[in-house]
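According to numbering that gives the first Met the number 0, the sequence shown is numbered sequentially starting from 0.
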Amino acid sequence: MPITVDDVDFGLKLAEFRINGFVVFEDMIDPARVDRIHEAFKRLMAGVVARETAISASQEHGEVATGRGRQNMKGRYTMTIPWVEPFADPAIYEHPVVLAFLDRYWQTDDYVITCSHSNTPYPGTDFQHWHRDTKLGSELPGVYLGRVPVVGVKYPLVDTSEANGSIEVLPCTQYLAEGDLEGRYDDLLTTGDFSTTRRLNLKKGSMWIQDVRTLHRGTANPSDAPRPEIVTCYCKRWFAIDQHVELTRETYAALSDRGKRMLRRWAVEPRA
């Protein structure tokens, strides 16, 4: 059974997040719900994989409804997730534990959802470079931000481990703001002595919240199946970020009041 807010020591979880740069919550989503999402995901991703035979440095291709994505390194694919069922599930993006955590972290409930995305290593793919999911370190070198204005809330669609390319993180790097190190992390971390890296080996149904400044990488997938993960981006209302979610007016009108507030940075989904 999925956990509730009564099961969580939020003081402890907030401390883990503020110190480590990420926090894991297990047993958040019914595995059967994840399986339904996974089946729909596989159908969309199959089109992306068939189409994206070349490496694309930054630009995704295609329509969101039918699979907008790219191959960003050999065997590793990104894809924008359409805001439709079964992906757009309020049991996930309005999960009471997630929202209670973010309300406490940001000390407000005034924040927005700006993306729904995925990164999937297929069999045989290699390690990613160590990286952040933000440019704040290079754009604001030397600036200490006690609370990051944007986080990623992530969940795998399968059990993850060393056997299928689980995520690796370097805890406590979210406050590192040395401008001369930005762009050099992969060389430094693969040649120097950094023994505190941690693999996030997660069960299906788990979720983890990441400070986007925390250094991490996707690892090699030696298995015979993809290892997909979905992320929903949440950010403070005032934070200017070039992201939005595409949905129809009808979909927006049907959202809960909280959903409408969180998805107020939306764009009209293009019609065929």
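Yeah, the Cβ is synthetic: ideal placement off N, Cα and C, and Gly gets one too.
(message) Going by beta-carbon coordinates alone, are R67 and E59 separated by less than 7 angstroms?
(response) yes
(message) Let me confirm a value: H130 is counted as buried when at least 16 other C-beta atoms fall within 10 Å, else exposed. Which label applies?
(response) exposed
(request) Would you grab the beta carbon distance between T124 and G74 for me? Rounded to a whole angstrom, and I think it's under 8 angstroms. (result) 3 angstroms
(request) Could you work out which residue in T3, K235, V23 and K12 is closest to P155 when comparing CA atoms only? (result) V23
(request) Could you tell me the distance, in whole angstroms, from the CA atom of I54 to the CA atom of M78? (result) 14 angstroms
(message) Using only the alpha-carbon positions, how far apart do T107 and G145 sit?
(response) 15 angstroms
(request) Check whether the stretch 12–21 touches the stretch 159–179, taking contact to mean three or more Cβ pairs, one atom from each stretch, closer than 8 angstroms. (result) yes
(request) Give me the Cβ distance between P225 and T159, rounded to the nearest whole Å; I'm assuming they're in contact under 8 angstroms. (result) Incorrect: roughly 11 angstroms between the Cβ atoms, too far for contact.
(message) Please return the same chain residues whose Cβ sits closer than 6 angstroms to the Cβ of Q273, not counting the five positions on each side in sequence.
(response) Nothing can be reported for residue 273: it is not among the residues displayed for the chain, which extend from 0 to 271.
(message) Along the chain, where does the beta strand (DSSP E) containing T77 start, and where does it finish?
(response) R75 to T79
(request) Could you check if A239 is buried or exposed, using at least 16 other CB atoms within 10 Å of its CB as the buried criterion? (result) exposed
(request) State the Cα-Cα distance for the pair E15 and Y104, rounded to the nearest angstrom. (result) 12 angstroms
(request) Specify, as a first and last residue, the run of the alpha helix (DSSP H) that G66 falls within. (result) Segment: none, G66 is in no alpha helix (DSSP H) and carries neither H nor E.
(request) Evaluate K12 with the Cβ neighbour count: other Cβ atoms within 10 Å of its Cβ, from every protein chain shown; 16 or more gives buried, anything less gives exposed. (result) buried
(request) Would you list the one or two residues that DSSP bridges to P155? (result) E228
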